[in-house]
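Using our numbering, the letters of the sequence shown map in sequence onto residues 148 to 703. Below is one structure, written out as structure tokens; comments come after it.
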Amino acid sequence: MNKQPKKGRRCCSKHLSKSSTHLPRGTRKHTFRIVCYIRRVRADHKGRERFFIYTYRDFVSLALAESPSHSRYLHETMKMKAGRILLLLLCLNVVTFGVIAVPQTCPASDLESGCSDSEEWKGEFFPGIPKIKYEGPSSKNPLSFKWYNAEEEILGKKMKDWLRFSVAFWHTFRGTGGDPFGAPTKNWPWEDGTNSVAMAKRRMRANFEFINKLGVDRWCFHDRDIAPDGETLEESNKNLDEVVALAKELQGSKIRPLWGTAQVFLHPRYMHGGATSPEVGVYAYAAAQVKKAIEVTHYLGGENYVFWGGREGYQSLLNTDMGRELDHLARFLEAAVAYKKKIGFNGTLLIEPKPQEPTKHQYDWDAATSANFLRKYGLIGEFKLNIECNHATLSGHSCHHELETARLNGLLGNIDANTGDPQTGWDTDQFLTDIAEATLVMLTVVKNGGIAPGGFNFDAKLRRESTDVEDLFIAHISGMDTLARGLRNVVKLIEDGSLDELVRKRYESFDTEIGAHIEAGKGDFEYLEKKAMEWGEPKVPSAKQELAEMLFQSVL
148 MNKQPKKGRR
158 CCSKHLSKSS
168 THLPRGTRKH
178 TFRIVCYIRR
188 VRADHKGRER
198 FFIYTYRDFV
208 SLALAESPSH
218 SRYLHETMKM
228 KAGRILLLLL
238 CLNVVTFGVI
248 AVPQTCPASD
258 LESGCSDSEE
268 WKGEFFPGIP
278 KIKYEGPSSK
288 NPLSFKWYNA
298 EEEILGKKMK
308 DWLRFSVAFW
318 HTFRGTGGDP
328 FGAPTKNWPW
338 EDGTNSVAMA
348 KRRMRANFEF
358 INKLGVDRWC
368 FHDRDIAPDG
378 ETLEESNKNL
388 DEVVALAKEL
398 QGSKIRPLWG
408 TAQVFLHPRY
418 MHGGATSPEV
428 GVYAYAAAQV
438 KKAIEVTHYL
448 GGENYVFWGG
458 REGYQSLLNT
468 DMGRELDHLA
478 RFLEAAVAYK
488 KKIGFNGTLL
498 IEPKPQEPTK
508 HQYDWDAATS
518 ANFLRKYGLI
528 GEFKLNIECN
538 HATLSGHSCH
548 HELETARLNG
558 LLGNIDANTG
568 DPQTGWDTDQ
578 FLTDIAEATL
588 VMLTVVKNGG
598 IAPGGFNFDA
608 KLRRESTDVE
618 DLFIAHISGM
628 DTLARGLRNV
638 VKLIEDGSLD
648 ELVRKRYESF
658 DTEIGAHIEA
668 GKGDFEYLEK
678 KAMEWGEPKV
688 PSAKQELAEM
698 LFQSVL
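Shown next, in the form of structure tokens:
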């Protein structure tokens with residue numbers, strides 16, 4: 148029975164049929180062996196070029212010995228092949244030296260580029276992404292500003308001074324796209340899968356390249372997002388110091404933190420809270436961590452320091468002494484004020500209200516609750532509020548409501564610019580792209596005369612499904628343009644004046660002598676009763692809400 152040829156021999160036969168049929172008959176069998184062996188070497192060994200050179204020589208020698216009559220033909224063939232190989236090696240050497248000479252970059256589209264192999268790697272993290280410039284509303288370039296023109300003067304200030312934009316390190320460089328139902332979806336080219344100090348430094352370099360290309364001057368951070376937790380508090384502080392030293396160098400004289408904060412919510416030790424934990428050891432650890440975070444914020448030239456009490460609340464009142472926890476929280480904040488003054492940190496201390504998530508109830512539920520807490524404990528002059536729009540909606544308010552509440556209490560210190568999804572019941576931290584909401588936000592900011600030394604921090608993250616590096620730029624550009632457009636719309640409202648006039652007319656009855664008497668605190672009940680009897684049944688005019696909405700929409 149005829150045996151079927153082996154797979155390797157069929158492959159060699161095909162090769163011979165194309166490349167060796169022109170050889171004299173007596174040489175083909177030797178060439179057949181040579182080709183088969185070479186093909187196996189190429190398939191089975193990483194160092195195939197070296198094996199190819201020596202094996203080819205040996206087998207050609209064998210062929211020459213067995214078929215002298217064809218020695219001249221094979222000799223000439225071998226010389227030609229050797230020349231080609233030498234030329235190939237020369238080209239490879241040239242390419243190798245060229246690669247070594249070119250500065251290392253980290254191509255955004257190539258996750259296998261090997262950029263993370265060197266701890267001291269300083270290449271470009273965003274090749275192909277230019278410095279973002281203002282091109283105007285007609286531009287179709289996604290990597291350009293259409294409405295945000297940093298140097299343009301509006302209402303007596305440059306646009307960049309009204310908005311004071313900041314990049315949030317945690318969402319931009321530590322966001323993974325993971326959620327409670329799915330694994331991470333983002334694997335940035337510079338990541339090596341570790342949480343080492345070396346990796347933290349690489350992220351920091353990426354952060355400042357991003358900031359410079361985006362054209363902003365500020366960034367925000369949590370301590371444990373920029374440097375890894377150690378086995379001990381001392382090791383954690385050492386890690387933080389090492390990364391912060393690099394951040395200080397990369398900042399230069401232009402860039403600084405809008406604010407810093409301590410991550411007193413992620414580690415299991417903080418499962419009951421930090422400042423409100425029933426364990427005194429946890430309270431002390433939280434104090435030590437906040438102390439260090441205030442120090443590094445001060446060292447980096449930070450303008451504010453934020454307290455977000457994600458675990459400062461309760462899950463059940465059955466096992467909670469709420470009065471005692473609130474007292475402990477106040478003592479903690481008092482100690483922060485004292486230490487800030489001791490080290491000469493002139494930045495503003497900010498409380499960031501949030502109603503819930505991860506706790507069932509958070510003690511700084513909303514702006515009004517936080518203002519009441521500060522007044523009760525005599526801290527109203529020491530703190531302001533960092534209002535986050537998504538937190539406002541979680542508490543049942545609009546962002547505009549929370550901003551106005553903070554402004555009217557003299558507490559508007561900073562804005563975390565984001566939004567939530569009305570169909571989703573949790574903190575989705577999306578970039579603010581609603582023009583109407585942005586206009587209302589900027590209406591409060593203009594009434595407040597600005598928010599410096601606060602600003603707009605993009606506490607917002609890419610959607611889980613957005614995984615390209617350029618998406619980081621597109622998201623921030625969109626958020627910046629939205630708020631810039633909101634500012635331009637406020638100018639239109641002010642110049643038109645119709646909405647202001649509608650509001651003025653609605654309260655014009657208080658612009659009388661009796662109204663002034665009441666607003667001065669001199670309208671006692673006996674006096675007002677006398678006026679009510681004198682005037683009879685009052686006439687109540689229309690509120691003109693639909694007209695107000697029409698006037699507002701006309702500028703969008």
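Note that beta-carbon positions come from the ideal geometry of N, C-alpha and C, so glycine has one too. Model, not experiment: these values are computed from the prediction.
Practice prompt. Pick helix, strand or coil for LEU698, following the three-state DSSP scheme.
Written response: helix
**Message:** If the criterion is Cβ atoms closer than 8 Å, does the pair THR591 and HIS544 meet it?
**Reply:** no
- In this structure, does DSSP put VAL390 in helix, strand or coil? helix
Query raised in the report: So the beta strand (DSSP E) SER313 belongs to, where does it begin and stop?
Result: 312-315
Within the continuous alpha helix (DSSP H) that includes VAL453, where are the two ends? Looking at the DSSP string, VAL453 is not in any alpha helix (DSSP H); the run it does join, the beta strand (DSSP E), is 451-454.
Requested in this report: Take LEU302 and list the residues in its own chain whose beta-carbon comes closer than 7 Å to its own, dropping the five residues that flank it on each side.
Outcome: VAL593, VAL638
query = Hey, LEU609 and ASP618 are a contact pair by Cβ (cut 8 Å); roughly how many whole angstroms apart?
reply = 5 Å
Since I believe ASN533 is in contact with GLY567 (beta carbons under 8 Å), could you give me their beta-carbon distance rounded to a whole number of angstroms? About 17 Å separates the two Cβ atoms, so there is no contact after all.
Could you have a look at PHE530 and say whether DSSP puts it in helix, strand or coil? strand
query: What's the gap between the Cα of GLY633 and the Cα of ALA477?
result: 37 Å
Below 6 Å CB to CB, which residues in the same chain sit around ILE527 once its five sequence neighbours on both sides are set aside? LEU521
| message | How far does the beta strand (DSSP E) with LYS406 in it extend, from its first residue to its last? | response | Lys is not the amino acid found at residue 406; the sequence shown has Trp there. First-last of the beta strand (DSSP E) with TRP406: 403-408.
Next item on the list: Drop a sphere of 10 angstroms on the beta-carbon of ASN354, count the other beta-carbons inside from all chains shown, and report buried for 16 or more, exposed for fewer.
Entry: buried
TRP455 versus ALA392: straight-line alpha-carbon distance, rounded
25 Å
### Message
Less than 8 Å between the beta carbons of GLU549 and ASP606, yes or no?
### Response
no
Just tell me which of PHE316, HIS508, LYS686 has its CA closest to the CA of GLY420. HIS508
### Query
Per DSSP, TYR295 forms a beta bridge with which residues?
According to DSSP, which records beta bridges pairwise, TYR295 is partnered with nothing at all.
Would PHE603 and ILE562 qualify as a contact pair, given that the criterion is a beta-carbon distance under 8 Å? yes
Checklist entry - What are the partner residues of PHE368, as DSSP defines its beta bridges? => result GLY407
- prompt: In this structure, does DSSP put ALA212 in helix, strand or coil?
  reply: Here the model assigns ALA212 a pLDDT of 41, short of 50, so the residue's position is not dependable and the matter cannot be decided.
**Item:** Presumed contact (8 Å Cβ cut-off) between SER299 and LYS305, rounded CB distance
**Value:** Position check: residue 299 holds Glu in this sequence, whereas Ser was assumed. The Cβ separation is near 7 Å, so the contact holds.
CB ASP370 to CB GLN436, shorter than 8 Å?
yes
As assigned by DSSP and simplified to three states, the class of LYS305: strand
Best match in LYS280, TYR430, TYR452 for proximity to PRO600 [C-alpha to C-alpha] = TYR452
Exercise for the section: Report buried or exposed for ILE490, applying the criterion of at least 16 other Cβ atoms within 10 angstroms of its Cβ. Expected result: exposed
**Study point:** Beta-carbon gap between GLY324 and ARG611 smaller than 8 Å
**Key:** yes
Can ALA315 and CYS367 be called in contact, C-beta distance under 8 Å?
yes
### Query
Taking DSSP as the reference, what is the three-state secondary structure of LYS280?
strand
Subject >> Identity of the residue in PHE620, ALA583, ASP576, GLU655 nearest LEU640 by Cα >> reply: ALA583
**Study point:** First and last residue of the uninterrupted alpha helix (DSSP H) at LEU619
**Key:** 616-643
| Residue burial classification, PHE273 (beta-carbon count within 10 angstroms, cutoff 16) | buried
| said: Tell me which residue opens and which closes the alpha helix (DSSP H) that ASN561 is part of. | reply: Element bounds for ASN561: not the alpha helix (DSSP H) but the beta strand (DSSP E), 559-563.
- Query: If you draw a straight line from the alpha carbon of GLN577 to that of ASN565, how long is it in whole angstroms?
  - Reply: 5 Å
What separation, rounded to the nearest whole angstrom, lies between the Cα atoms of LEU413 and GLU676? 59 Å
Give me the residue from VAL363, LEU397, SER701 with the minimum Cα distance to LYS348. LEU397
Kindly indicate which three-state DSSP category ASP658 falls into: helix, strand or coil? helix
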